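Report on one structure; see the data block that follows.
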Amino acid sequence: MSQNIDFNEINKFSQLADQWWDPNGKCKPLHIINPLRVNYVQQQCGLLDQKAILDVGCGGGILSESLTKLGANVTAIDLADESLAVAKLHAAKSNLSINYKKQTVEQHAEQNPAQYDVITCMELLEHVPDPFSIIQACERLLKPGGKLFLSTINRNHKAKLLLIYGAEYIARLVPKGTHDFNRFIRPSELMSWIELARLNVKDIIGMEYHLFKNEFKLGTNVDVNYIITAQKAD
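With this note's numbering applied, the sequence shown closes on residue 1130, and no number is skipped along the way.
Structural data, given as structure tokens:
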């Protein structure tokens, strides 16, 4: 289970470590979409105060910090030493208590079964060799009735045009090479994995990127970016 790792992807994001908290730097898209993600999680879960949340693939801690500020007890895991160092330092400067760990979600699941009310796994599935393994581990980590949020990218020509040619090469919104089209995941594929992991699909929402406006909005269009909410049975 510990081999569900792509070290090239880890190195790619490690190189962004000094950019994580620059809202106008290479991680600008994450700062733009973070409020949308947080609001969506709140809509699906209600109050997050005192809820145990796991943020899988936390990077520099942008989402982790937002969830902590809402009163959640957040554990956050990643494999990039540089990103975790930045996340820990920023949390300390912000006087936030977040339990950061260098660990795969599969390893974490072995040690912490049924410990979490909510798990977020944002933009990670398209960067690992075995996305289904991530979902299985999250199922083991959830408490009965707990919710899992998975965001990823649809695999079609529109997504390739907007996110690779548009965002990487034209708008230069993200570094070239951030995305690999062959690793994008269709919603039907993700839903089938969720069901195989004994979770129930509760909701799906699209995150639309408007290239020329340089903005994101949540909506019904799941052609490119999308988030699925899954829930473990009570």
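Don't be surprised by glycine CBs; every beta carbon is placed ideally from N, CA and C. Keep in mind it's a predicted model, so treat the numbers as computed, not measured.
Starting from residue i, trace the beta strand (DSSP E) both ways and give me its first and last residue.
| i | result |
| --- | --- |
| residue 1127 | 1121–1128 |
| residue 995 | 995–998 |
| residue 1111 | 1111–1115 |
| residue 951 | 948–952 |
Go ahead and label residue i buried or exposed: buried means 16 or more other beta carbons lie within 10 angstroms of its beta carbon, across all protein chains shown.
| i | result |
| --- | --- |
| residue 993 | exposed |
| residue 1116 | exposed |
| residue 914 | exposed |
| residue 947 | buried |
| residue 1053 | exposed |
| residue 1032 | buried |
| residue 1019 | buried |
In three-state DSSP terms, what is residue i?
| i | result |
| --- | --- |
| residue 1040 | strand |
| residue 1013 | strand |
| residue 1097 | strand |
| residue 914 | helix |
| residue 1090 | helix |
| residue 1046 | strand |
| residue 1019 | coil |
Taking residue i as part of the alpha helix (DSSP H), name the residues at either end of that continuous run.
| i | result |
| --- | --- |
| residue 941 | 924–941 |
| residue 908 | 903–910 |
| residue 1006 | 1001–1007 |
Contact check, residue i vs residue j under 8 angstroms by CB: the rounded distance?
| i | j | result |
| --- | --- | --- |
| residue 1089 | residue 1025 | 14 angstroms between Cβ atoms; not a contact. |
| residue 1012 | residue 1038 | 6 angstroms |
| residue 930 | residue 959 | 6 angstroms |
| residue 1049 | residue 1087 | No, residue 1049 and residue 1087 are not in contact; Cβ-Cβ is about 15 angstroms, not under 8 angstroms. |
| residue 1016 | residue 951 | 5 angstroms |
| residue 1131 | residue 974 | Outside the displayed range of the chain (897 to 1130) lies residue 1131, so it cannot be described from this structure. |
| residue 965 | residue 1041 | Contact flag wrong, Cβ pair sits at about 24 angstroms. |
| residue 1112 | residue 1105 | 5 angstroms |
Please give me, in chain order, every unbroken run of the beta strand (DSSP E) with length at least 3 that falls completely inside the region 956–995.
969–974
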